[in-house]
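Here is the structure we will look at.
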Amino acid sequence: MKKRILLISYYFAPENVIGAVRPTKLAKYLLRQGHEVTVICGDGQRGLDDPTLAKDLEAFTDVHVLREWNPLRDRYERKARTRQAAAPAGAAPAARSTGTKALVKRLIRAVANKVYIYLVVLSDRHFQYLACKELKKLSGHYDAVFSSFAPLSVHMVARKAKRMGLTDRWIADCRDEVNVPFFWMRPWMRWYMRMLHREADVQSGVSQGSLDTMGVVPEKGRVLYNGYDTEDLPAQAGEWKPNERFTLAYCGQLSMNRKGMGSRDLTEVFQALRLLIDEGTLTADELEIVYAGNEGAALRCQAAAAGLEERVTDHGVVSRERSLSLQRAADVLMVATWCTPGQKGILTGKLYECMLMKKPVVCTVQGSEPGSDMARLIRETEIGFCSEAATGGDVEGMADYLRSQVERWRRGESGIDAPKADRYRYQVLAQQLAEWIDR
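Those letters in the sequence shown? Residues 62 to 500, by the working numbering.
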C-alpha cells in the first residue's frame, strides 16, 4: 500500500558527506517502491556535491532545502569564491613559533575550536526553527515521519510534526550515538534521550550494539543497518582486470575520533602478509598495499611493523569515485574498527562498500570487548575473515585466509559470491522501513 512519508535529515543529496548517504538511499528506494516522500533538509556546504548522490536526487520532486544561519558555511563559500592562485612556488615556509608566541597560538586555537563548536550548535538551533516553520506549509497527513540523526535538531522537528498532528507515527533513526559537545549540555541531553524513549514510536540504529549504548528498550528498538546501493558501482568503476601484484586496499580514515579509542589498526593484517612472504607463498615484489586518505603516514607506520612500508602506494585524498575504483581494482579489501564495553556496535561504512564490490574482506577489531557486531556481520555474510584483539587476535587464521586469496589471485580470480550480503542492499532496507510504518 502506498504510504506518505516525511523524511527529516539535515544532510541529504547531493551533499558530499557520509551523513547524506543513508537518508538519500532510503528515500530513493522508498520512492521506487511507490511511496510518496517529502524531504526537509539543510543546505549544507554548497559546492561539495557527490555526483552519485546528485544523480539519485533527480528522482525527487518534493525536497524542502532550508538555509539556516551558518557563518561557518558562509565564510567557507566566500573564501571559495575569492580564492586565488596558490602561494608562489618556492616561497619559504613560515618559521615555527616558539616560547610565549607558541603558547599564545595554542590558546587562540583552543578558544577558536570552542567557538567553532558553539556556532555549530547555534546554527543547528536555527535549522530547527526554520524546519518547524516549514512544517506549517505542508498539507495532508503523513503515515510516518522518519528523522535521521545527527544533528540534534532533526528529532526535535520530527517531534513537532507528530505533536502538530501531521503524522501519528515517528521513527527516530540514529546513525550515530547521541552526544553533545559541551559538558553543560549533558542535563539537556539526558532530557533529550528520555524524550526520544518516551515519544518516538520506533527508535532505529545501525546495529544492536548502538541501540544498547543509547539505552533503547527492546519494545521500541529496531536495527536498520547501513547498506550499499548496487547502482553506485557501474557508473564509478569499470570491469575488473587481473592485477600484476596481489593487491590489498584501504580507503578512508584511520582515526576513530571517539573518546577512549585510538586509531584503527591493520598491523595484524601486515603481520599475516609477512608470514606469507617468509614462507614463500608470496614475494615482497608481488605485494601491493593501496591506501587513499589523509593518513598515509600512519598506515605506513603500521606496515613498517612487519617490514612492509615500501609496499604501500599512497594515493592521498581522492574523490569517492576514485576511491571506489581503487577498491574495485583490489584483490582484498581491509577494514578495521574498535569494540569496547560501551561501544560494541561500531560498523564502519567501508564494510558495506566491500559488499558492493563483492570483494573478500580482512578485518581487525581493537578494544577490550569480544563479540563485536563487525565480527558477527562478517561471519554471517561469509564475506571474509575478522580478528578481534580482545580474544588475543589470530594472525595465523588471518594468514590462512590470505593464503587462499593469494591462490585465487594466481588463478586470475577476483571477487566473491556472497548472497547473504544481499540483505544489506538499500532496496531491502527501504522495504524493511516501509514495513515498520505498517506496524
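Beta carbons are placed, not taken as given, at the ideal position from N, Cα and C, and that holds for glycine.
- Close CB contacts of alanine 233 within its chain, under the 6 Å cut and outside five residues either way in sequence, are with Ser208, His216, Leu257, Ala261 and Gln264 (chain order).
- Excluding the 5 residues flanking it on each side, arginine 128 has same chain C-beta neighbours closer than 6 Å at Asp104, in chain order.
- The beta carbon of serine 214 sits closer than 6 Å to those of Asp185, Phe188 and Gln189, all from its chain and outside the five residues before and after it, given in chain order.
- CA-to-CA, the gap between leucine 385 and phenylalanine 121 works out to about 25 Å.
- Boundaries for threonine 409: no alpha helix (DSSP H) harbours it, and the DSSP string shows neither H nor E there.
- Proximity of the stretch 469-486 to the stretch 409-426 meets the contact definition, three or more beta-carbon pairs being nearer than 8 Å.
- Listed in chain order, the beta strand (DSSP E) elements of length 3 or more contained wholly in the stretch 202-282 are 205-210, 231-235 and 263-266.
- Secondary structure note for isoleucine 498: its alpha helix (DSSP H) is the uninterrupted segment 487-499.
- Beyond the five residues adjoining it in sequence on each side, valine 396 comes within less than 7 Å, by CB distance, of Thr409, Lys411, Leu412, Cys415, Val422 and Cys424 in the same chain, given in chain order.
- Rounded to whole angstroms, the gap between the alpha carbons of tryptophan 252 and histidine 125 is 29 Å.
- Just so you know, the alpha carbons of leucine 494 and glycine 266 end up roughly 12 Å apart.
- A residue is called buried when at least 16 other Cβ atoms come within 10 angstroms of its Cβ; lysine 63 does not meet this threshold and is exposed.
- With fewer than 16 other Cβ atoms from the protein chains shown falling within 10 Å of its own Cβ, serine 200 counts as exposed.
- Distance from the CA of serine 429 to the CA of tryptophan 399, rounded to the nearest whole angstrom, comes to 9 Å.
- Within the DSSP secondary-structure output, glutamate 97 pairs in a beta bridge with Arg65.
- One thing to note: lysine 221 has its Cβ within 8 Å of the Cβ of leucine 196.
- Around the beta carbon of leucine 133, fewer than 16 other beta carbons lie within 10 angstroms, which makes this residue exposed.
- Residue burial is scored here from C-beta neighbours: asparagine 355 has fewer than 16 other C-beta atoms within 10 angstroms and is therefore classed as exposed.
- Excluding sequence positions up to five before and after leucine 417, its CB lies within less than 6 Å of the CB of Tyr289 and Leu294, all in the same chain and listed in chain order.
- A straight-line Cα-Cα distance of about 10 Å links alanine 310 and valine 373.
- For the pair leucine 387 and cysteine 312, the CB atoms are nearer than the 8 Å cut-off.
- DSSP assignment within the stretch 392-461 yields the following whole beta strand (DSSP E) runs of 3 residues or more, N-terminal first: 393-399, 422-427 and 445-449.
- For alanine 120, there is no enclosing alpha helix (DSSP H), as DSSP marks it with neither H nor E.
- Under the three-state reduction of DSSP, glycine 103 is assigned to strand.
- Assignment of beta-bridge partners to cysteine 312 by DSSP yields Ala353.
- Only exposed fits asparagine 240, as fewer than 16 other CB atoms lie within 10 angstroms of its CB.
- Leucine 164 sits in a helix when the DSSP states are folded into three classes.
- Shortest Cα-Cα distance from serine 380 to any of Gly80, Asp111, Gly95 and Ile66 involves Asp111.
- When secondary structure is reduced to three states using DSSP, leucine 285 falls in the coil class, being assigned neither helix nor strand.
- Exposure of valine 378 is indicated by the presence of fewer than 16 other C-beta atoms within 10 angstroms of its C-beta.
- The beta-bridge partner set that DSSP reports for leucine 348 consists of Phe307.
- By the Cβ neighbour-count rule, alanine 450 is buried, with 16 or more other Cβ atoms within 10 Å of its own.
- Residues of the same chain with a CB within less than 6 Å of the CB of aspartate 204, apart from the 5 flanking positions on each side, are Lys64, Arg65 and Ile498 in chain order.
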